[in-house]
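*Asks:* Sending over a structure as structure tokens; questions will come in a sec.
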Amino acid sequence: MKNLYIFAGVNGAGKSTFYIRQLENLNFYGARINSDEIVREFGDWRNRDDQTRAGKLALKLRKYYLERGVDFNIETTLSGKGIVKFIKEAKEKGYHITLYYVKLDSVELSKQRVAIRVSRNGHSIDEAILERRFSKSFENLEKIMPICDKIFIYDNSEFIENEQEQKFSNLKLVAEKFNNSFITT
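To convert, take the position in the sequence shown, counting from 1, and add 7; that gives my numbering.
Shown next as structure tokens:
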């Protein structure tokens, strides 16, 4: 069975950290496609050309893996123009799709989390983009939920200030989907 794992959520929700925690639990998610990680390999996130180049490479990798039936995972805000189409295409090609969605309660919280990331030398995102992506992410989440075979939705709105304790201890599983049935907690 071909597998696509989607690590999704709004900016600042903790998608990358969640993915790393899953790997620490010895879970395997195939080849990884994350444009933030790609840009770090060859450029600077502050450089618009490097961001564009990384985004284009991520799109090429998605297409390449889909065509070859490779297991892979992507990290996404679910706010891009082609993301829903891409997920539908993966389903049509016979992929089993598992979605891990990390949510936040508000766009203000998203802005705060990104500001914290920037204060730790992480990459910044314009507030207008954060606002647009926040609502679009939830819109597209609703569109792809029927397509996904398994869904895990986590709420990461609570935050621990102490960096040493940020092990997602406040992360709450709020909904799961198996066999087209939702379980909410």
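Here a beta-carbon is modelled for each residue, glycine too, at the ideal position from N, C-alpha and C. This structure is a prediction, so every number in the text was calculated from the model and none was measured.
From what residue to what residue does the beta strand (DSSP E) around K143 run?
*Replies:* Careful: K143 lies outside any beta strand (DSSP E), inside the alpha helix (DSSP H) at E134 to I151.
*Asks:* If the criterion is Cβ atoms closer than 8 Å, does the pair A97 and L11 meet it?
*Replies:* Their beta carbons are under 8 Å apart, which means A97 touches L11 by this criterion.
*Asks:* Could you pull the start and end residues of the alpha helix (DSSP H) that R124 belongs to?
*Replies:* Its alpha helix (DSSP H) spans residues V114 to S126.
*Asks:* Specify, as a first and last residue, the run of the alpha helix (DSSP H) that I90 falls within.
*Replies:* Counting along the chain, the alpha helix (DSSP H) containing I90 begins and ends at I90 to E99.
*Asks:* Among the residues of its own chain, which have a CB less than 8 Å from the CB of A20, if the five just before and after it don't count?
*Replies:* V109, K110, L111, S117, R120 and N163, listed in sequence order.
*Asks:* Beta-carbon separation of V46 and D56 under 8 Å?
*Replies:* Result no, Cβ atoms of V46 and D56 do not sit closer than 8 Å.
*Asks:* Skipping 5 residues on each side, what residues in its chain have a beta carbon closer than 6 Å to that of Y36?
*Replies:* So the list reads Y12 and N80, once near-sequence residues are dropped.
*Asks:* Can you list, in chain order, the residues of its chain with a C-beta nearer than 7 Å to that of G76? Leave out the 5 residues immediately preceding and following it.
*Replies:* So the list reads K9, once near-sequence residues are dropped.
*Asks:* Under the rule that 16 or more other beta-carbon atoms within 10 Å means buried, what is R140, buried or exposed?
*Replies:* It is buried - the Cβ of R140 has at least 16 other Cβ atoms within 10 Å.
*Asks:* How is the beta strand (DSSP E) around T105 delimited, first residue to last?
*Replies:* Start and end: Y102 to K110.
*Asks:* Which class does G21 belong to by DSSP, given the choice of helix, strand or coil?
*Replies:* Three-state result, G21: coil.
*Asks:* Does the beta-carbon of N147 have 16 or more other beta-carbons within 10 angstroms, so that it is buried, or is it exposed?
*Replies:* Answer is buried; the Cβ neighbour count reaches 16.
*Asks:* According to DSSP, is E183 helix, strand or coil?
*Replies:* Reduced to three states, the DSSP call for E183 is strand.
*Asks:* Start and end of the alpha helix (DSSP H) containing T59?
*Replies:* Unbroken alpha helix (DSSP H) run through T59: R55 to R75.
*Asks:* In angstroms, rounded to a whole number, what distance separates the CA positions of D78 and A135?
*Replies:* Straight-line Cα distance between these residues: approximately 34 Å.
*Asks:* Going by Cα to Cα distance, which pick from G129, S42, V114 and L68 is closest to E138?
*Replies:* Per the Cα distances, V114.
*Asks:* When the Cα atoms are used, what is the spatial distance from A15 to G50?
*Replies:* So the alpha carbons of these two residues sit roughly 24 Å apart.
*Asks:* Distance check for S144 and L73, CA to CA, integer angstroms please.
*Replies:* So the two alpha carbons sit approximately 23 Å from each other.
*Asks:* Can you tell me whether E44 is helix, strand or coil according to DSSP?
*Replies:* Looking at E44 - three-state DSSP - the assignment turns out to be helix.
*Asks:* For the beta strand (DSSP E) containing L85, list its first residue and its last residue.
*Replies:* Looking at the DSSP string, L85 is not in any beta strand (DSSP E), and its letter there is neither H nor E.
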